[in-house]
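As structure tokens, the structure follows; a few thoughts come after it.
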Amino acid sequence: MSNKEDEKSADELSATQEARDVLRADPLADTRELLSREVPAGVDRRHFLIRSAVGGAAAVMTGCTVSDADRTSKAAATVPPTQAAKAPPPLAADLNVVKKGAGPVLTTVDEFYKVGPGPSSSHTIGPMRITYDFYQQAAKLPADKLDKATKLQVNLFGSLSATGKGHGTERAALAGLVGKEPATVDPKFLDGLRDKPDQVFPVKLGNKSIDVSLKDVIYDATKGDFKHPNQMTVKLLAGNEVLLEQEYYSVGGGFIEWKGYTPPKKNPPKYPFRLMKELRDHADTNKTTIAKIMLANEMSITGRTEEEVYAFTDKIINAMVATVKSGLSMPEDDVLPGPIKLHSKAATVYKRAMDDKFQADRGIGALSAFALAASEENGRGHLVITAPTGGSAGVMPALVYALMEVRKLDRQKVREGMLAAAAVGYLCKHHATLSAAEGGCQAEIGVASSMAAALVATAYDAPSLVVENAAESALEHHLGMTCDPVAGYVQVPCIERCAFGAVKAWTAYQIASNEIASRHRVNLDATVAALAETAKDMNSKYKETSEAGLAVSVTLC
Ligand code: SF4
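In the numbering used here, the protein residues as written are 1 to 557.
Have a look at this one:
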């Protein structure tokens, strides 16, 4: 072998090793490199060999060298010029879901993506917002009434009572009463309540100070004729006399309502829509994207500027990245709070996945680990982001982390992905539910996965039909999924379920961007209607009551 050949061979070996290192550092590495061994003129030979080896490795595993950009333009070519999406089958006019979904979607990103303590948006963030709301109402009572006050009392009903203990609902409710808000509460305050449950706190109402403790939060009837399965009442009492009482509902995703609630008045959206079909029509008619339509609507409904809307999405993106990082940094032998004694696994899965021989396995393992990391943070009661709920708080962050920190995608693409994902979540909230107590796990992980598929497709500039198809696929394959948390704790099956939701979202994007888009037979509106109908028919034992499924088949010892 000549010196030159020796040098070439050594170069190739070292290039292959470096390529392995690139792939090891980046489990979702872009494998778009070409296989040609010809070094193009003007290109550094050593660099070229590294890039070729990366592509070669990927091609050996997958037989594929198509980039996401190539895939997007291929997908775009399969979108028909006029996209006549079929309307979903009509539902009976007297269904609550139909009445609720009659007007245009008016939800905004700051209502939808909420930062708060885990483990559940409906059982932790919602109740804390409720008692904080009551505390503010009570503080406004006339001084002569407040002077008589002797006691604050919270009664939890339905699913809040059935599984509230596992979610720490009583701690969240007490925190709101003492004036803590979900976005700013220090999770250590809640941990302190768990570790020292006898603590007493003074609540200042005018000149009056009332002592409250966990004893003032009562786990009441689990069954009854409730207006919503997550119902609670809060009272201010003077002995037996009721000075102020309000019945509240934690309706999912941290949203709250109360008896006599009327939605706040909002400005009309620039592009009104109540179905994905209409949203997509706006995007296609105006030759723009779903994300841009959502941005225009956010601005017209709230009066905010583009910079303000994106500043909010940035806050949420950063919080999502932080929750994954925080989860991955936990010690491998960490045990989550609660009777299951569940060991944290995110860091172990990530570490071992990175040692895997095959890049595809490293990618799936890493994405799963990101979702496990954020979901375990939820299980610890640390700060998470509802997207759409606390139980599903691992799904969107896993994809956001993969796009931002691994794929190093431009932030603007991820911002737009967040807006398209929100549109999907709004539609599910508008026509179906985000509450596991109303619709089982399909309403949490299913919606999160659907949103995440829309996020990825949008971030890769997919046409609106492909964004819809990806979101539809992800939701379709969660239909019927029940909610049966073991011991009422948002850990089993919830944490792994987030990993599956994230991987399914990626799979849905892969299918949608590789299929002939116009041949996709099911539209998102039809699948959301199916979600609503399935939620209605689902046995209540599978709606976050811990009365069936894994909650009874798993024995804790
Ligand atoms: S099973 Fe699903 S819906 Fe139920 S608490 Fe867990 S993540 Fe939420």
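Glycine included, every Cβ here is placed at the ideal spot set by N, Cα and C.
A quick note: this is a predicted structure, and the numbers were derived from the prediction, not measured.
Asked	Found
Based on DSSP bridge pairs, tell me the residues matched to residue 343.	335
Check whether the stretch 515–524 touches the stretch 392–401, taking contact to mean three or more Cβ pairs, one atom from each stretch, closer than 8 Å.	no
Determine the DSSP secondary structure at residue 67, reduced to helix, strand or coil.	coil
With distances taken between CB atoms, is the gap from residue 522 to residue 431 smaller than 7 Å?	no
Taking 6 Å as the line, does the beta carbon of residue 441 fall inside it for any heavy atom of ligand 1?	yes
What is the DSSP secondary structure of residue 226, reduced to helix, strand or coil?	coil
Residues in the same chain with beta-carbon distance under 7 Å from residue 304, minus the five sequence neighbours each way, listed in chain order, please.	298
Thinking C-alpha only, which one of 277, 266 and 545 is nearest residue 440?	545
Is it buried or exposed for residue 308, if we count other Cβ within 10 angstroms and need 16 for buried?	exposed
Residue 262: which of 387, 313, 248 and 383 sits nearest, CA to CA?	248
Would you call residue 555 buried or exposed, if buried means 16 or more other Cβ atoms sit within 10 Å of its Cβ?	exposed
Mind checking who residue 233 pairs with in its DSSP beta bridge?	155 and 247
Indicate, with yes or no, if ligand 1 has a heavy atom lying under 6 Å from the CB of residue 166.	no
Is any heavy atom in ligand 1 found nearer than 6 Å to the beta carbon of residue 486?	no
Run the proximity test for residue 428: is its beta-carbon closer than 6 Å to any non-hydrogen atom belonging to ligand 1?	no
Look up residue 350 in the DSSP assignment and say whether it is helix, strand or coil.	helix
Using the Cβ count rule (16 or more neighbours within 10 Å means buried), how would you classify residue 343?	exposed
From this set, 119, 273 and 187, which residue's C-alpha is nearest residue 105's C-alpha?	273
For the beta strand (DSSP E) containing residue 219, name the first residue and the last one.	217–219
If the criterion is Cβ atoms closer than 7 Å, does the pair residue 381 and residue 491 meet it?	no
What three-state label does DSSP hand residue 541 in the structure shown?	helix
Taking the C-alpha atoms as reference points, what is the distance between residue 387 and residue 408?	22 Å
For residue 384, write down the residues that DSSP places opposite it in a beta bridge.	116
Looking only at its chain, what residues have a beta carbon closer than 6 Å to the beta carbon of residue 541, apart from the 5 residues adjacent to it on each side?	547 and 548
What residues in its chain sit with their C-beta under 8 Å from that of residue 466, if we drop five residues either side in the sequence?	72, 75, 76, 79, 457, 512, 513 and 517
Taking 7 Å as the threshold (C-beta atoms), are residue 185 and residue 173 in contact?	no
Taking 6 Å as the cut-off, does the CB of residue 376 come closer than this to any heavy atom belonging to ligand 1?	no
Pull up the CB-CB distance for residue 252 and residue 122, whole angstroms please, since I reckon it's below 8 Å.	5 Å
Under 6 Å from any heavy atom of ligand 1, does the C-beta of residue 483 make it?	yes
How close, in whole Å, do the beta carbons of residue 459 and residue 405 come, if the pair is a contact with beta carbons under 8 Å?	Contact doesn't hold; Cβ gap of about 13 Å is too wide.
Helix, strand or coil for residue 238, going by three-state DSSP, please let me know.	strand
Skipping 5 residues on each side, what residues in its chain have a beta carbon closer than 7 Å to that of residue 477?	504
Use the C-beta contact count for residue 371: other C-beta atoms within 10 angstroms, 16 or more gives buried, fewer gives exposed.	buried
Among 452, 134 and 412, whose alpha-carbon lies nearest the alpha-carbon of residue 245?	134
Between residue 490 and ligand 1, is there a pair consisting of the residue's CB and a ligand heavy atom that are separated by less than 6 Å?	yes
So what does DSSP say about residue 326, is it helix, strand or coil?	helix
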